[in-house]
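J.: Residue numbers (our numbering): 636 to 849.
In this text, a Cβ means the ideal position worked out from N, Cα and C, and glycines have one as well.
All values reported here derive from a predicted model rather than from experimental measurement.
After the structure tokens below, expect a handful of questions from me.
Next up, the structure:
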């Protein structure tokens with residue numbers, strides 16, 4: 636992510652699976668795992684009617700499997716780096732969502748555009764490099780029986796990477812719609828986290844309030 640390019644040197648994957656770690660690192664990983672379980676629960680119970688339900692369900696399930704994998708498979712360096720790459724880009728995405736559902740909706744385009752720059756660099760450039768580094772890593776000979784775990788982790792991370800490409804394509808559709816001043820409704824609701832039913836209710840309530848005011 637801007638360094639000399641020798642990722643293996645800094646991840647120290649050559650010393651798997653007994654790489655020295657600060658005790659706070661796995662603790663933080665378990666803390667973030669709780670947040671992912673909350674996300675899965677929210678997707679199943681609250682977001683079932685959203686247009687992106689199936690892809691978010693797949694994303695949440697794959698993410699939780701990967702969390703459990705890096706925490707119990709001693710791939711903590713790769714796991715922590717994956718979390719950082721995702722969380723950095725999520726900050727501006729959530730800011731855009733918040734603005735898009737507030738009275739400052741017209742300003743949501745700015746953090747949204749900036750998030751795409753972060754997305755392009757971290758998720759579409761750094762992330763596949765990290766996946767390649769993991770896929771070409773190996774456990775020591777005495778632990779070679781765990782090698783398929785690395786291949787499985789690389790496969791699941793690749794699924795996430797493909798989803799990142801899909802979402803980046805959807806972002807471009809939103810950009811094009813905004814440029815034409817005719818944003819695609821499904822895409823707007825996707826980035827704003829708004830269901831079609833909620834949108835109809837909100838519009839109806841807005842009309843009712845205007846009528847009462849008059």
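Whole angstroms are fine: how far does the CA of residue 811 sit from the CA of residue 744?
T.: Translated into the one-based positions of the chain shown, residue 744 becomes position 109. Translated into the one-based positions of the chain shown, residue 811 becomes position 176. Cα to Cα, the separation comes out at about 12 Å.
J.: Do the CB positions of residue 713 and residue 671 come within less than 7 Å of each other?
T.: As a position in the chain shown, residue 713 is number 78, starting the count at 1. As a position in the chain shown, residue 671 is number 36, starting the count at 1. Cβ distance not < 7 Å, so residue 713 and residue 671 don't count as in contact.
J.: With residue 711 and residue 655 assumed to form a contact (beta carbons below 8 Å), what rounded beta-carbon distance in angstroms separates them?
T.: To locate residue 711, count along the chain shown from 1; it is residue 76. To locate residue 655, count along the chain shown from 1; it is residue 20. No, residue 711 and residue 655 are not in contact; Cβ-Cβ is about 10 Å, not under 8 Å.
J.: Between the alpha carbons of residue 834 and residue 773, how many angstroms are there, rounded?
T.: As a first step, residue 834 is located in the chain shown; it is residue number 199 there, counting from the start. As a first step, residue 773 is located in the chain shown; it is residue number 138 there, counting from the start. Because the pLDDT at residue 834 is just 46, under 50, the model does not fix this residue reliably, and the value given afterwards should be weighed accordingly. The straight-line gap from Cα to Cα measures roughly 50 Å.
J.: I need the straight-line Cα distance from residue 722 to residue 768, nearest angstrom please.
T.: Residue mapping note: residue 722 aligns to position 87 of the chain shown, counting from 1. Residue mapping note: residue 768 aligns to position 133 of the chain shown, counting from 1. Their Cα atoms are separated by approximately 20 Å.
J.: Would you report the Cα separation of residue 740 and residue 734, rounded to the nearest angstrom?
T.: Locating residue 740 in the chain shown gives position 105, counting from the first residue. Locating residue 734 in the chain shown gives position 99, counting from the first residue. Each residue's alpha carbon lies about 5 Å from the other.
J.: What does the Cβ neighbour count give for residue 779, buried or exposed, with the cut at 16 atoms within 10 Å?
T.: As a first step, residue 779 is located in the chain shown; it is residue number 144 there, counting from the start. The residue is exposed, with fewer than 16 neighbouring Cβ atoms inside 10 Å.
J.: Please classify residue 776 as buried or exposed, where buried requires at least 16 other C-beta atoms within 10 Å of its C-beta.
T.: Here residue 776 corresponds to residue number 141 of the chain shown, with the count starting at 1. Exposed.
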